[in-house]
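Asker:
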Amino acid sequence: MYSGAAAAAVGSPRRDFISVTLGPEEAAGIGGYNNSKAWRRRSCWRKWKQLSRLQRSVILFLFAFLAVSGVISFTGMGETWKSITNKSLDDQRTEQEIPRLKLANPAVLPAPQKADANHGDYPEFSLQKPPKQPHVRRGPSNLQIKAPRRDMRLKTQHDTMRAVEELVEADKVEKTEKSIISWRGAVIEPDQSTEPPSSKIMELEKPSSVETEDQKEPVPINERQLAVIEAFRHAWKGYKDFAWGHDELKPLSKSYSEWFGLGLTLIDALDTMWILGLKEEFEEARKWIANDLVFDKNVDVNLFESTIRILGGLLSTYHLSGDSLFLEKAKDIGNRLMPAFRTPSKIPYSDVNIGRGTAHPPRWTSDSTVAEVTSIQLEFRELSRLTGDEKFRKAVDEVMKHVHILSGKNDGLVPMFINTNSGQFTHLGVYTLGARADSYYEYLLKQWIQGGKKENELLEDYMRAIEGVKKHLLQRSEPKKLTFVGELAHGHFSAKMDHLVCFLPGTLALGAHNGLAADHMKLAETLIETCYQMYAQVETGLSPEIVHFNLHAQKGHKDVEIKPADRHNLLRPETVESLFYMYRFTGDKKYQDWGWEILQNFNRYTRVPTGGYTSINNVQNPSNPEPRDKMESFFLGETLKYMFLLFSDDIDLINLDKYVFNTEAHPLPIWVPA
Numbered sequence: 001m002y003s004g005a006a007a008a009a010v011g012s013p014r015r016d017f018i019s020v021t022l023g024p025e026e027a028a029g030i031g032g033y034n035n036s037k038a039w040r041r042r043s044c045w046r047k048w049k050q051l052s053r054l055q056r057s058v059i060l061f062l063f064a065f066l067a068v069s070g071v072i073s074f075t076g077m078g079e080t081w082k083s084i085t086n087k088s089l090d091d092q093r094t095e096q097e098i099p100r101l102k103l104a105n106p107a108v109l110p111a112p113q114k115a116d117a118n119h120g121d122y123p124e125f126s127l128q129k130p131p132k133q134p135h136v137r138r139g140p141s142n143l144q145i146k147a148p149r150r151d152m153r154l155k156t157q158h159d160t161m162r163a164v165e166e167l168v169e170a171d172k173v174e175k176t177e178k179s180i181i182s183w184r185g186a187v188i189e190p191d192q193s194t195e196p197p198s199s200k201i202m203e204l205e206k207p208s209s210v211e212t213e214d215q216k217e218p219v220p221i222n223e224r225q226l227a228v229i230e231a232f233r234h235a236w237k238g239y240k241d242f243a244w245g246h247d248e249l250k251p252l253s254k255s256y257s258e259w260f261g262l263g264l265t266l267i268d269a270l271d272t273m274w275i276l277g278l279k280e281e282f283e284e285a286r287k288w289i290a291n292d293l294v295f296d297k298n299v300d301v302n303l304f305e306s307t308i309r310i311l312g313g314l315l316s317t318y319h320l321s322g323d324s325l326f327l328e329k330a331k332d333i334g335n336r337l338m339p340a341f342r343t344p345s346k347i348p349y350s351d352v353n354i355g356r357g358t359a360h361p362p363r364w365t366s367d368s369t370v371a372e373v374t375s376i377q378l379e380f381r382e383l384s385r386l387t388g389d390e391k392f393r394k395a396v397d398e399v400m401k402h403v404h405i406l407s408g409k410n411d412g413l414v415p416m417f418i419n420t421n422s423g424q425f426t427h428l429g430v431y432t433l434g435a436r437a438d439s440y441y442e443y444l445l446k447q448w449i450q451g452g453k454k455e456n457e458l459l460e461d462y463m464r465a466i467e468g469v470k471k472h473l474l475q476r477s478e479p480k481k482l483t484f485v486g487e488l489a490h491g492h493f494s495a496k497m498d499h500l501v502c503f504l505p506g507t508l509a510l511g512a513h514n515g516l517a518a519d520h521m522k523l524a525e526t527l528i529e530t531c532y533q534m535y536a537q538v539e540t541g542l543s544p545e546i547v548h549f550n551l552h553a554q555k556g557h558k559d560v561e562i563k564p565a566d567r568h569n570l571l572r573p574e575t576v577e578s579l580f581y582m583y584r585f586t587g588d589k590k591y592q593d594w595g596w597e598i599l600q601n602f603n604r605y606t607r608v609p610t611g612g613y614t615s616i617n618n619v620q621n622p623s624n625p626e627p628r629d630k631m632e633s634f635f636l637g638e639t640l641k642y643m644f645l646l647f648s649d650d651i652d653l654i655n656l657d658k659y660v661f662n663t664e665a666h667p668l669p670i671w672v673p674a
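Listed below in structure tokens is the structure:
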């Protein structure tokens, strides 16, 4: 290589040169500039080292700032995208679930949470899919049924959201599971032949389906329903004019009779007035309840009758109207009835002094009737659910659990009496579905329905009892071969059937509607025909209290025979009750026609011109039915209510998938499955 000094020495023209000294590696062509990543990194590092400390700090700060800004921006965009994606998915799920939710027919109230009953399976009781109701689904009548007041619900947003979450969970579970009144109105003398609730208050309710139904077009009231309203107003006029605030009207003498002195007729009729849309009459009655109904009285009341008429009537009216006045009165009477359960066996006494807080059996015996002690459960269980006080439910559940294990039954059929000291059945060997035993069977099924069909001991006892009825009590009459329910006394069959037994067709139909054996509906259809014939084969077209059926064909004799002591009519509801169930579940118009005949005959033979209706002594004498001068409270509380519902084609007017009637026709809500 030449240097600049050498060039000048030889006299060449002056040129400038840069002298570069190559190391051995460079000379060999190793490690020189070759545009590789390694070479560029070393070059950048030399440049970085040439920068001052201040310059390097500024650059580092800028890089850090940009990095943080980028992270924040990316996070925000990610959350936005996630929200959009989730919303899209939720919308898809909602579109898929809405149709099924509309078909679910949810019950009205939240489910109890604590389950005491055995939830085991009973293979012999295979539930069948309920038959579809035949009517076109239409809106409720002009008088809407309201959910209980909002001031009875929990207030916080947290609890509201939790309730919604519980409903969603219940819906998911549901989707997975799819792959006495006995002698009412008569005083019995000794010589004469009634998920389980949560421990916490369940005031927060599922948004009632009724609130949605309020948006539907009301169903017009038809002519037959108007006739029922007119009959009710006529009966109410007599009560208001001559018996206001007293227990029962005596329409002929224009006076009243007292049983407990608690305005039985008025309380019994409250929910009937609400359902019929009689707002003016309802408000008058409400004022009396608010200002004049006092339970702190030195008076003995019958536990059973007070529970089904007073407690049941107040609870039902609370649920229909949402007026907390009725719940407060229900809590008052409920607490005052509790001394009846202070017995050695926990089987309650028949009578309670609601002022003194004492209880006792009847004067002539230490027994209670089986119907009395096993037909108060719907009401006390609901009172516990509403108040959060478990003592009511615990008391009546102990009775049912005790009766469940008792000996002395005959294929599920129970005797009529039970001793309050020993807790054992008495008067063994006599089995009937009439007075003193009837509503035991009714409440087995209805408690099971009320509690969300989870308490299988109740279902077991009901199913066995119906099999016992088929085996021991069913016979056919002559000449029309009517199927009827007789009685069994110490192995001997009697062809005697109380009008009270006509509750059974409706109960059987209700069970079939809730998935029980299809042959229950078949039996219901044959029995309701018999109950109708108990009216049709009588001269006035009104049934007597008791009939006897002919088992052997005799010339000139009908199927139905009536003894002189049994030919009275007390304006009872049982046949009309069953007609209502049968029409609601089958849509067969003949049941409405039969009910219309009965209403016309009530108007023809029991209506008192100055107001009210009266029981009669002789259904076989159209010219002189011998009026008894007494209008039972259940004529307004049950008979006319069931008439009105029978003539309605609106299945949402007391929807039987949402309400269960107590034995005095007071509807109480079915608990939503948990």
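Residue numbers (full-length UniProt numbering): 1 to 674.
Glycine residues also receive a C-beta, built at the ideal position from the N, C-alpha and C atoms.
All values reported here derive from a predicted model rather than from experimental measurement.
(1) Along the chain, which unbroken stretches of the alpha helix (DSSP H) at least 4 residues long are found entirely within the region 585-649?
(2) For F61, is the classification buried or exposed, using 16 other Cβ atoms within 10 angstroms of its Cβ as the cut-off for buried?
(3) If you reduce the DSSP assignment to three classes, tell me which class K555 lands in.
(4) Around the C-beta of E664, are 16 or more other C-beta atoms found within 10 angstroms, so that it is buried, or is it exposed?
(5) Rounded to the nearest angstrom, what separates P625 and L474 at their Cα positions?
(6) Hey, V228 and L656: beta-carbon distance below 8 angstroms or not?
(7) What residues are listed by DSSP as bridge partners for V547?
(8) What does the alpha-carbon distance come out to for the pair G334 and I354?
(9) Quick one: give me the first and last residue of the alpha helix (DSSP H) that A371 is part of.
(10) Applying the 10 Å Cβ sphere with the 16-neighbour rule, what's the burial state of K630?
(11) Measuring alpha carbon to alpha carbon, tell me which of G595, S633, Q620 ends up nearest G612.
(12) State the CB to CB distance for the pair L516 and Q450, rounded to an integer number of angstroms; the pair is presumed to be in contact (CB under 8 angstroms).
(13) Drop a sphere of 10 angstroms on the beta-carbon of P13, count the other beta-carbons inside from all chains shown, and report buried for 16 or more, exposed for fewer.
(14) Identify which residue in F602, L488, L311 has its Cα closest to the Cα of E382.
(15) Do D268 and L636 count as a contact pair if the criterion is CB distance below 8 angstroms?
(16) Can you say whether G491 is buried or exposed, counting buried as having 16 or more other CB atoms within 10 angstroms of its CB?
(17) According to the Cβ coordinates, are Y605 and P622 closer than 8 angstroms?
(18) Would you call the region 518-528 and the region 536-551 touching, i.e. three or more CB-CB distances under 8 angstroms?
(19) Given a cut-off of 8 angstroms on the beta-carbon distance, is the pair P667 and S439 in contact?
(20) Note down, one range per segment and in chain order, each beta strand (DSSP E) of at least 3 residues found wholly within the region 442-515.
(21) Which same chain residues end up closer than 6 angstroms to C580 when comparing Cβ atoms and leaving out the 5 residues on each side of it in sequence?
(22) Once you ignore the five residues that flank K401 on each side, which residues in its own chain have a CB closer than 7 angstroms to its CB?
(23) Considering only residues of the same chain and omitting the five flanking positions on each side of D389, which have a CB-CB separation below 6 angstroms?
(24) In chain order, which continuous runs of the alpha helix (DSSP H) of length 4 or greater are located wholly inside the region 282-356?
(25) Rounded C-beta distance between H404 and E487? I'm assuming under 8 angstroms.
(26) Check for me: the beta strand (DSSP E) holding I418 runs from which residue to which?
(27) Per DSSP, D367 forms a beta bridge with which residues?
(28) CB I418 to CB D351, shorter than 8 angstroms?
(29) In three-state DSSP terms, what is T426?
(30) Taking DSSP's pairing of strands, which residues face V660 in a bridge?
(31) Determine the DSSP secondary structure at H568, reduced to helix, strand or coil.
(32) Would you decide whether D498 is buried or exposed? Buried here means 16 or more other CB atoms lie within 10 Å of its CB.
(33) Can you name, in chain order, every residue of its own chain whose Cβ lies under 7 angstroms from the Cβ of M416, other than the five neighbours on each side?
(34) Let me confirm a value: T610 is counted as buried when at least 16 other C-beta atoms fall within 10 Å, else exposed. Which label applies?
(35) Should A465 be labelled buried (16 or more other beta-carbon atoms within 10 Å of its own) or exposed?
(36) Using CA coordinates, which residue listed in S648, H548, D559 is at the minimum distance from G595?
Answerer: According to the data block:
(1) 589-605, 640-646
(2) Counted from its first residue, the sequence shown places residue 61 at position 61. The residue is exposed, with fewer than 16 neighbouring Cβ atoms inside 10 Å.
(3) If you number the sequence shown from 1, residue 555 lands on position 555. K555: coil per DSSP, three-state reduction.
(4) Here residue 664 refers to the residue found at position 664 when the sequence shown is read from its first residue. Buried, because 16 or more other Cβ atoms sit within 10 Å of the Cβ of E664.
(5) For the purposes of this step, residue 625 is identified with residue 625 of the sequence shown, where counting begins at 1. For the purposes of this step, residue 474 is identified with residue 474 of the sequence shown, where counting begins at 1. The alpha-carbon atoms of P625 and L474 are separated by roughly 31 angstroms.
(6) Within the sequence shown, the letter at position 228 stands for residue 228. Within the sequence shown, the letter at position 656 stands for residue 656. No, they are not a contact pair.
(7) The sequence position of residue 547 within the sequence shown is 547, counting from 1. Answer is M497.
(8) For this step, residue 334 is matched to residue 334 along the sequence shown. For this step, residue 354 is matched to residue 354 along the sequence shown. Cα to Cα, the separation comes out at about 10 angstroms.
(9) For the purposes of this step, residue 371 is taken as the residue at position 371 of the sequence shown. Where A371 is concerned, the enclosing alpha helix (DSSP H) stretches over 370-373.
(10) One-based indexing of the sequence shown puts residue 630 at position 630. By the 10 Å Cβ count, K630 comes out buried.
(11) The residue labelled residue 612 in the question sits at position 612 within the sequence shown. Considering only alpha carbons, the answer is S633.
(12) Position 516 of the sequence shown, counted from the first residue, corresponds to residue 516. Position 450 of the sequence shown, counted from the first residue, corresponds to residue 450. Not confirmed; about 15 angstroms, so no contact.
(13) As a working mapping, residue 13 is identified with position 13 in the sequence shown. Here P13 scores only 44 on pLDDT, less than 50, and its place in the model is too uncertain to base an answer on.
(14) What you label residue 382 is simply residue 382 of the sequence shown in a count that begins at 1. Among F602, L488, L311, the Cα nearest to that of E382 is on L311.
(15) Position 636 of the sequence shown, counting from 1, holds the residue named residue 636. Position 268 of the sequence shown, counting from 1, holds the residue named residue 268. In this structure, D268 lies closer than 8 angstroms to L636 by Cβ.
(16) Here residue 491 corresponds to residue number 491 of the sequence shown, with the count starting at 1. Exposed, since its Cβ has fewer than 16 Cβ neighbours within 10 Å.
(17) What you label residue 605 is simply residue 605 of the sequence shown in a count that begins at 1. What you label residue 622 is simply residue 622 of the sequence shown in a count that begins at 1. Their beta carbons are under 8 angstroms apart, which means Y605 touches P622 by this criterion.
(18) no
(19) Here residue 667 refers to the residue found at position 667 when the sequence shown is read from its first residue. Here residue 439 refers to the residue found at position 439 when the sequence shown is read from its first residue. Cβ distance not < 8 angstroms, so P667 and S439 don't count as in contact.
(20) 474-476, 483-485, 487-489, 492-494, 496-498
(21) For the purposes of this step, residue 580 is identified with residue 580 of the sequence shown, where counting begins at 1. For the sequence presented, residue 580 should be read as Phe rather than Cys. So the qualifying residues of the chain are Y642, L645, L646.
(22) On the sequence shown, residue 401 is found 401 positions in, with the first residue counted as 1. There are no such residues.
(23) Residue mapping note: residue 389 aligns to position 389 of the sequence shown, counting from 1. If we look at D389 and ignore the five residues flanking it on each side, it has no Cβ neighbours.
(24) 312-321, 324-337
(25) In the sequence shown, counting from the first residue as 1, residue 404 sits at position 404. In the sequence shown, counting from the first residue as 1, residue 487 sits at position 487. Actually they do not touch by this definition, with Cβ atoms about 23 angstroms apart.
(26) In the sequence shown, the residue the question calls residue 418 occupies position 418. Looking at the DSSP string, the run of the beta strand (DSSP E) that includes I418 is 417-419.
(27) Residue mapping note: residue 367 aligns to position 367 of the sequence shown, counting from 1. DSSP output for D367 lists N419 as bridge partner(s).
(28) Against the sequence shown, residue 418 aligns to sequence position 418. Against the sequence shown, residue 351 aligns to sequence position 351. No, the Cβ-Cβ distance between I418 and D351 is not below 8 angstroms.
(29) The count along the sequence shown starts at 1 and reaches residue 426 at position 426. Residue state, collapsed to three classes: strand.
(30) By 1-based counting over the sequence shown, the position of residue 660 is 660. BP columns for V660 point to L668.
(31) Taking the sequence shown and counting its residues from 1, the one referred to as residue 568 is at position 568. DSSP places H568 in coil when its eight states are reduced to three.
(32) Looking up residue 498 in the sequence shown gives position 498. D498 should be labelled buried.
(33) The residue you call residue 416 lines up with position 416 of the sequence shown. Counting only Cβ-Cβ distances below 7 angstroms, and skipping sequence neighbours, we find T369, V370, H427, V430, T432, R436, A437.
(34) For this step, residue 610 is matched to residue 610 along the sequence shown. T610 is exposed by the Cβ-count criterion.
(35) Looking up residue 465 in the sequence shown gives position 465. Classification of A465: buried, given that the 10 Å Cβ count is 16 or more.
(36) Here the question's residue 595 lines up with position 595 in the sequence shown. The option with the nearest alpha carbon to G595 is S648.
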